[in-house]
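Protein chains: 4
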Amino acid sequence: MGRARTNPAPTAPATARGRRTHDALIAAGREIIEEQGWAGFTPEAVTQAAGVSYGTFYTYFESKDDLLRKIVKAAADEMIAASRVPDLDDPYARIVEANRRYLAATGKAAKVLRMVEHGAYLDDNLRGLLLEIREFYVRRSEEGIRRLQTAGLADPGLDPHLTAIALGGMVEQVAVIINELREPLDTEKMVDHLSRLWASAIGLRPPVG
Amino acid sequence: MGRARTNPAPTAPATARGRRTHDALIAAGREIIEEQGWAGFTPEAVTQAAGVSYGTFYTYFESKDDLLRKIVKAAADEMIAASRVPDLDDPYARIVEANRRYLAATGKAAKVLRMVEHGAYLDDNLRGLLLEIREFYVRRSEEGIRRLQTAGLADPGLDPHLTAIALGGMVEQVAVIINELREPLDTEKMVDHLSRLWASAIGLRPPVG
Amino acid sequence: MGRARTNPAPTAPATARGRRTHDALIAAGREIIEEQGWAGFTPEAVTQAAGVSYGTFYTYFESKDDLLRKIVKAAADEMIAASRVPDLDDPYARIVEANRRYLAATGKAAKVLRMVEHGAYLDDNLRGLLLEIREFYVRRSEEGIRRLQTAGLADPGLDPHLTAIALGGMVEQVAVIINELREPLDTEKMVDHLSRLWASAIGLRPPVG
Amino acid sequence: MGRARTNPAPTAPATARGRRTHDALIAAGREIIEEQGWAGFTPEAVTQAAGVSYGTFYTYFESKDDLLRKIVKAAADEMIAASRVPDLDDPYARIVEANRRYLAATGKAAKVLRMVEHGAYLDDNLRGLLLEIREFYVRRSEEGIRRLQTAGLADPGLDPHLTAIALGGMVEQVAVIINELREPLDTEKMVDHLSRLWASAIGLRPPVG
DNA sequence: CATGAATGAGTCTTCATTCAT
DNA sequence: AATGAATGAAGACTCATTCAT
Chain A
1 MGRARTNPAP TAPATARGRR THDALIAAGR EIIEEQGWAG FTPEAVTQAA GVSYGTFYTY
61 FESKDDLLRK IVKAAADEMI AASRVPDLDD PYARIVEANR RYLAATGKAA KVLRMVEHGA
121 YLDDNLRGLL LEIREFYVRR SEEGIRRLQT AGLADPGLDP HLTAIALGGM VEQVAVIINE
181 LREPLDTEKM VDHLSRLWAS AIGLRPPVG
Chain B
1 MGRARTNPAP TAPATARGRR THDALIAAGR EIIEEQGWAG FTPEAVTQAA GVSYGTFYTY
61 FESKDDLLRK IVKAAADEMI AASRVPDLDD PYARIVEANR RYLAATGKAA KVLRMVEHGA
121 YLDDNLRGLL LEIREFYVRR SEEGIRRLQT AGLADPGLDP HLTAIALGGM VEQVAVIINE
181 LREPLDTEKM VDHLSRLWAS AIGLRPPVG
Chain C
1 MGRARTNPAP TAPATARGRR THDALIAAGR EIIEEQGWAG FTPEAVTQAA GVSYGTFYTY
61 FESKDDLLRK IVKAAADEMI AASRVPDLDD PYARIVEANR RYLAATGKAA KVLRMVEHGA
121 YLDDNLRGLL LEIREFYVRR SEEGIRRLQT AGLADPGLDP HLTAIALGGM VEQVAVIINE
181 LREPLDTEKM VDHLSRLWAS AIGLRPPVG
Chain D
1 MGRARTNPAP TAPATARGRR THDALIAAGR EIIEEQGWAG FTPEAVTQAA GVSYGTFYTY
61 FESKDDLLRK IVKAAADEMI AASRVPDLDD PYARIVEANR RYLAATGKAA KVLRMVEHGA
121 YLDDNLRGLL LEIREFYVRR SEEGIRRLQT AGLADPGLDP HLTAIALGGM VEQVAVIINE
181 LREPLDTEKM VDHLSRLWAS AIGLRPPVG
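Protein chains in written order, with the UniProt record's numbering: chain A, 1 to 209; chain B, 1 to 209; chain C, 1 to 209; chain D, 1 to 209.
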């Protein structure tokens with residue numbers, strides 16, 4: 001973590017085999033982080049899980065952190081991709097859809113991110129990534145809220161930025177908690193609640209029922 | 001070699017000096033976790049910060065984990081103590097007060113807890129502690145919501161348990177985020193927003209203004 | 001922290017170089033135990049003596065104890081192998097041969113074993129090994145004595161078990177003492193004496209002269 | 001173990017209470033060595049067993065080695081005192097008596113000594129003590145054998161020195177082994193065997209029966 | 001004298017990274 | 001590219017000894 005490197009800088013794999021190994025390592029690393037957390041994430045464990053030899057790790061990654069960054073980047077892209085919401089006219093339906101997708105697709109990814117949040121506290125690169133992701137979500141929600149306010153559909157007294165932070169935090173935190181609970185929650189019911197709470201919170205009248 | 005432990009099993013300090021050192025170590029440890037996160041939390045760092053020699057660590061704690069557990073316990077107790085809300089008649093005032101106290105007193109404590117959540121993934125003791133704390137909050141909110149529903153002041157269609165998890169998550173997450181942002185938020189404004197969002201979400205009419 | 005072991009669990013060396021290093025470590029470890037005793041036996045000393053870096057120790061051995069067990073096992077095997085006596089018809093010649101081989105080959109091995117006897121007092125694995133070895137010797141002597149008694153060549157009034165313990169102890173102890181004395185003994189003369197004492201003790205007439 | 005000392009040199013205890021504490025520490029230390037072996041022998045354990053505080057150790061002993069030396073000295077004196085054999089006319093009776101006393105009184109003391117033999121390999125003081133003790137026994141046996149040879153009662157072809165080493169070793173080793181066996185031996189029967197083996201070995205006719 | 005806290009060098013072990021093949 | 005051995009700095013923990021009260 002931050003030692004000077006004298007290794008040949010890994011380049012993009014040139015052969016198909018190389019790409020396979022590279023991807024296998026990323027997949028293995030991600031699985032390990034998701035399932036064993038920070039402590040289990042070692043080059044040894046990753047290479048073993050990927051079925052290659054120890055040394056191969058450094059053929060593809062500059063360092064453990066390098067792999068981590070790539071994993072996080074992938075998780076982040078995935079989260080954001082999974083969160084694209086189709087352009088629905090009904091604002092409430094939009095909220096429901098956004099929450100459903102977030103919970104469905106991002107539980108594990110969110111866990112990876114949060115793991116990093118603490119484990120790699122000192123790595124500015126990673127912190128930057130995390131902040132970007134959060135900002136993306138906050139900005140998107142912020143704009144949505146502002147639009148609704150302009151349209152007279154949401155409480156104009158709310159600060160869109162603070163509101164976005166708070167409601168986004170709610171969803172983010174729930175996404176993580178769900179994966180940690182012993183007794184599993186009914187996800188669809190949670191989506192329903194999150195959406196209704198969100199809507200009511202900003203003054204958008206949720207559908208009757 | 002299976003050598004029997006021969007060091008004095010740490011006992012409660014018998015002298016005033018002992019108690020001072022003991023407390024200094026806990027304080028130093030906590031500060032380090034809060035500020036440098038998991039990675040910086042080493043016996044060496046803790047003893048240095050406390051201004052005592054390395055070996056002194058083990059005069060008071062059986063292990064690094066032992067200290068960690070004590071720090072977490074303290075943080076948890078503190079959070080819960082700080083969250084006691086005076087018995088206010090006005091439900092909205094109650095919500096505001098609860099949020100204000102939570103944000104004021106528990107940002108760092110919450111961060112400690114979250115740190116542990118991932119770093120000590122495998123330690124059942126700690127996981128148990130964390131679950132207890134969260135349950136405490138969820139249960140308290142749940143009861144509050146139920147009371148309001150019974151009194152006809154809150155949306156009777158909401159599941160109090162899911163709602164408590166979601167809104168509690170919102171506050172918890174905001175408490176942590178606040179401490180991570182570069183540009184500091186106006187805490188009092190955030191308290192106001194959290195409270196209004198919470199109230200509106202459950203259908204409790206927030207005060208006009 | 002209950003962190004899972006992530007270092008490669010030592011496996012049999014896969015390459016010739018690996019085997020060389022592995023063997024060098026065992027040899028170095030053994031020499032250190034023999035010459036400096038328990039206190040000098042540290043991973044650092046062993047690796048230094050073997051001319052490799054500290055970390056290499058754990059490429060081949062799970063722990064200090066692991067190496068110790070392997071050394072003891074080797075010493076034990078060696079002792080027993082060196083003690084095989086060719087099937088001689090003359091009982092006295094057999095005794096001489098057994099003693100000669102024991103003293104020649106096992107002085108240091110016996111010392112290693114004795115060292116462990118006390119140093120690793122608590123390790124049941126090792127204690128088991130030691131008991132096995134002693135039992136092997138006792139059983140063998142016991143059978144020899146019994147045969148001679150049956151053949152009318154040895155005092156039938158002796159309990160073969162107790163006798164084997166006592167005479168075996170004599171040889172074992174002498175083997176160790178020899179290596180500790182400043183003024184070296186004439187080993188061949190000691191073999192002669194041990195054999196004559198042994199033979200006379202059980203009533204087997206030693207050869208005249 | 002060999003660090004420079006800056007402690008006030010402990011002097012002989014001046015008060016009765018002091019002497020009691022001093023003796024209690026020696027007794028406790030000895031018991032620990034006898035029962036838990038080398039590994040359990042720490043100032044902490046000793047003081048605890050003696051019911052005094054940690055620091056008190058250094059009021060009475062310069063170092064851990066200092067206590068050890070005193071324990072060994074005491075064990076040695078005790079062994080030698082217990083081994084004094086009354087002047088019996090019958091040489092065989094003398095042998096029996098010597099062995100009986102040795103086994104009866106010295107099993108544990110012998111264990112202490114042997115422990116030291118390996119544990120404190122590097123301490124010349126202790127090694128000297130051990131050698132002295134062994135020499136005492138060897139010399140005594142040697143003289144006895146020589147006397148019997150002169151009196152025409154023992155095989156004149158035996159080297160008294162080598163013979164004394166061997167037979168002394170037998171008894172010493174048996175004394176230790178006895179204490180290590182799970183299934184306890186009948187000590188009196190072992191005394192009988194040792195004596196008969198010893199006598200026969202040197203050509204002294206043991207009593208019929 | 002007794003107490004118990006303080007000290008810090010030493011020991012075992014881990015693991016990210018490098019290197020020879 | 002792949003392999004697996006080698007490296008060594010860093011971390012957790014121990015314990016004989018010292019010292020303030």
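Where is the CB? At the ideal position from N, CA and C, for every residue including glycine.
{"Asked": "Option nearest Phe61 of chain D by Cα separation, candidates D:Glu135, D:Ile26, D:Asn125", "Found": "D:Ile26"}
{"Asked": "Leu167 of chain C vs Ser141 of chain C beta-carbon contact at 8 angstroms", "Found": "yes"}
{"Asked": "Where Glu132 of chain B falls, given that 16 or more other Cβ within 10 Å makes a residue buried", "Found": "exposed"}
{"Asked": "Same chain, Cβ closer than 6 angstroms to Met79 of chain C, five either side skipped, listed in chain order", "Found": "Thr106, Ala109"}
{"Asked": "The alpha helix (DSSP H) enclosing Leu131 of chain D, as first and last residue numbers", "Found": "124–150"}
{"Asked": "Contact under 8 angstroms by Cβ, Val138 of chain D with Leu68 of chain D", "Found": "no"}
{"Asked": "Neighbourhood of Asp159 of chain C by C-beta distance below 7 angstroms, restricted to the same chain and skipping five residues each side", "Found": "none"}
{"Asked": "Minimum Cβ-Cβ distance from Asp159 of chain B to chain A less than 8 angstroms", "Found": "yes"}
{"Asked": "C-beta atoms of Val85 of chain A and Arg30 of chain A nearer than 8 angstroms", "Found": "no"}
{"Asked": "Test: Gln48 of chain D CB closer than 8 angstroms to a CB of chain C", "Found": "no"}
{"Asked": "Burial state of Asn99 of chain D, where buried means 16 or more other Cβ atoms lie within 10 Å", "Found": "buried"}
{"Asked": "Rounded straight-line distance, which links the Cα of Val176 of chain B to that of Arg36 of chain B", "Found": "The sequence given here has Gln at residue 36 of chain B, not Arg. Computed Cα separation, rounded: 15 angstroms."}
{"Asked": "Cut-off 7 angstroms between Cβ atoms - residues of its own chain near Lys70 of chain B, not counting five sequence neighbours on either side", "Found": "Ile26"}
{"Asked": "Closest residue to Phe136 of chain C among C:Asp77, C:Arg182, C:Arg196 (Cα-Cα distance)", "Found": "C:Asp77"}
{"Asked": "Glu34 of chain D classed as buried or exposed, judged by whether at least 16 other C-beta atoms fall within 10 angstroms", "Found": "buried"}
{"Asked": "is_contact[Glu172 of chain C, chain D] using C-beta, thresh 8 angstroms", "Found": "yes"}
{"Asked": "The ligand FMN heavy atom lying under 7 angstroms from the CB of Tyr137 of chain C", "Found": "The ligand FMN is not part of this structure, which contains no ligands at all."}
{"Asked": "Coil, strand or helix - Ser53 of chain A by DSSP", "Found": "coil"}
{"Asked": "Cβ neighbour criterion (16 or more within 10 Å) applied to Glu172 of chain D", "Found": "buried"}
{"Asked": "Proximity test, Cβ basis, 8 angstroms: Gly18 of chain A and chain B", "Found": "no"}
{"Asked": "Cβ shell of residue 213 of chain A (< 8 angstroms), same chain only, five flanking positions each side left out", "Found": "Beyond the ends of chain A as shown, which are 1 and 209, falls residue 213 of chain A; an answer cannot be given."}
{"Asked": "Residue-chain proximity (Gly203 of chain D, chain C), Cβ-Cβ < 8 angstroms", "Found": "yes"}
{"Asked": "Residue environment, Gly152 of chain B, which counts as buried when at least 16 other CB atoms sit within 10 Å", "Found": "exposed"}
{"Asked": "Euclidean distance between Cα positions of Asp155 of chain D and Asp66 of chain C", "Found": "49 angstroms"}
{"Asked": "Val176 of chain B: first and last residue of the uninterrupted alpha helix (DSSP H) it sits in", "Found": "160–180"}
{"Asked": "From B:Ala45, B:Ile202, B:Ala28, B:Pro10, residue whose alpha carbon lies closest to that of Gly144 of chain B", "Found": "B:Ile202"}
{"Asked": "Completely contained alpha helix (DSSP H) runs for the UniProt domain \"HTH tetR-type\" (19–79) of chain B, where each covers 4 or more residues", "Found": "43–50, 57–60"}
{"Asked": "The alpha helix (DSSP H) enclosing Asp192 of chain D, as first and last residue numbers", "Found": "187–202"}
{"Asked": "Same chain, Cβ closer than 8 angstroms to Arg5 of chain D, five either side skipped, listed in chain order", "Found": "Any answer about Arg5 of chain D is weak, because its pLDDT of 42 lies below 50 and its placement is not dependable; what the coordinates show is given next. Contacts found: Glu62, Ser63."}
{"Asked": "Residue closest to Phe41 of chain B, alpha-carbon to alpha-carbon, out of B:Ala28, B:Gly51, B:Leu126", "Found": "B:Ala28"}
{"Asked": "CB contact below 8 angstroms: Ala28 of chain B versus chain A", "Found": "no"}
{"Asked": "Residue-level contact to chain A via CB, Ser200 of chain B, 8 angstroms cutoff", "Found": "yes"}
{"Asked": "Contact with chain A by Met109 of chain B, beta-carbon distance below 8 angstroms", "Found": "Note that residue 109 of chain B corresponds to Ala in the displayed sequence, not to Met. With 8 angstroms as the cut-off, Ala109 of chain B does not count as an interface residue toward chain A."}
{"Asked": "Chain-ordered neighbours of Met190 of chain D on chain C, where CB pairs are closer than 7 angstroms", "Found": "Leu162"}
{"Asked": "Reference Val46 of chain B; option with closest CA among B:Ile32, B:Ala39, B:Leu148", "Found": "B:Ile32"}
{"Asked": "Exposure label - Arg3 of chain A; buried when at least 16 CB within 10 Å", "Found": "Note that Arg3 of chain A has pLDDT 39, beneath the 50 cutoff, so the model's placement of it is unreliable and the number below is only indicative. Classification of Arg3 of chain A: exposed, given that the 10 Å Cβ count is below 16."}
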